[in-house]
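**Q**
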Amino acid sequence: MVNNIGDINIASWSARGGWKDNAYLFSVPKLCTAARTMAPSLWRKGMVALFNDPNAACPFPPGSYSFRNMSTNFDIKAVPSFFYGKWRATGKLFRTSTRVLLACARAFGSTVPKLHQAGNPQHRMAFNVLRKTPLKSRLDIQV
Numbered sequence: 311m312v313n314n315i316g317d318i319n320i321a322s323w324s325a326r327g328g329w330k331d332n333a334y335l336f337s338v339p340k341l342c343t344a345a346r347t348m349a350p351s352l353w354r355k356g357m358v359a360l361f362n363d364p365n366a367a368c369p370f371p372p373g374s375y376s377f378r379n380m381s382t383n384f385d386i387k388a389v390p391s392f393f394y395g396k397w398r399a400t401g402k403l404f405r406t407s408t409r410v411l412l413a414c415a416r417a418f419g420s421t422v423p424k425l426h427q428a429g430n431p432q433h434r435m436a437f438n439v440l441r442k443t444p445l446k447s448r449l450d451i452q453v
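Numbering of the sequence shown is given in this note's numbering, commencing with residue 311 and proceeding in unit increments.
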């Protein structure tokens, strides 16, 4: 997937209700390489959840992929600070030369304070299905 680009649109949940698109926009060339580099723990956990192989690599066979209740304790490098709240990330993978859509994915999450041993608050991204069940996760990907 060297010649592919990923467009990511992160929406925030509005205080008035409903999603507000374009809170953060990213265009990521060489998406698979960037994902493995910028979020290595998330990449490995996703590959184990999808393929039972932490070293799985692109390209993936065509199909519909889904996982739920994946551990959400991971760090993502090069992501801006998020204020506390609900988030929705929509990702689309395009062939760079033609802009033909190859795959799409959507994830829901929320940022909440996390207290460490010394009581220092830190931010963490906890993905969930946005039901009333905490720390459940779901990501549906279609290729």
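We put the CB at the ideal spot given by N, CA and C, even for glycine.
Being a predicted model, the structure only gives us computed values, none of them experimental.
On a Cα-Cα basis, can you pick out the residue from Ser376, Pro371, Ser374, Pro350 that is closest to Asn365?
**A** Considering only alpha carbons, the answer is Pro350.
**Q** Please state the DSSP three-state secondary structure of Ala417.
**A** In this structure, Ala417 counts as strand in the three-state DSSP scheme.
**Q** Who are the near neighbours of Asn313 in its chain, counting only those whose CB is closer than 6 Å to its CB and skipping five residues on each side?
**A** Thr406, listed in sequence order.
**Q** To which residues of the same chain is Gly411 closer than 8 Å at the C-beta, ignoring the five residues directly before and after it?
**A** Here the sequence assigns Leu to residue 411, which means Gly is not the residue at that position. Hits under 8 Å: Lys402, Leu403, Phe404.
**Q** Determine which residues share a DSSP beta bridge with Asp317 and list them.
**A** For Asp317, which the question treats as bridged, DSSP gives the partners Ser337, Lys402.
**Q** Along the chain, where does the alpha helix (DSSP H) containing Phe361 start, and where does it finish?
**A** Element bounds for Phe361: 350 to 361.
**Q** Using alpha carbons as the reference points, say which of Cys414, Cys368, Pro339, Ala399 lies closest to Ala333.
**A** Residue Ala399 is the option with its Cα nearest to Ala333.
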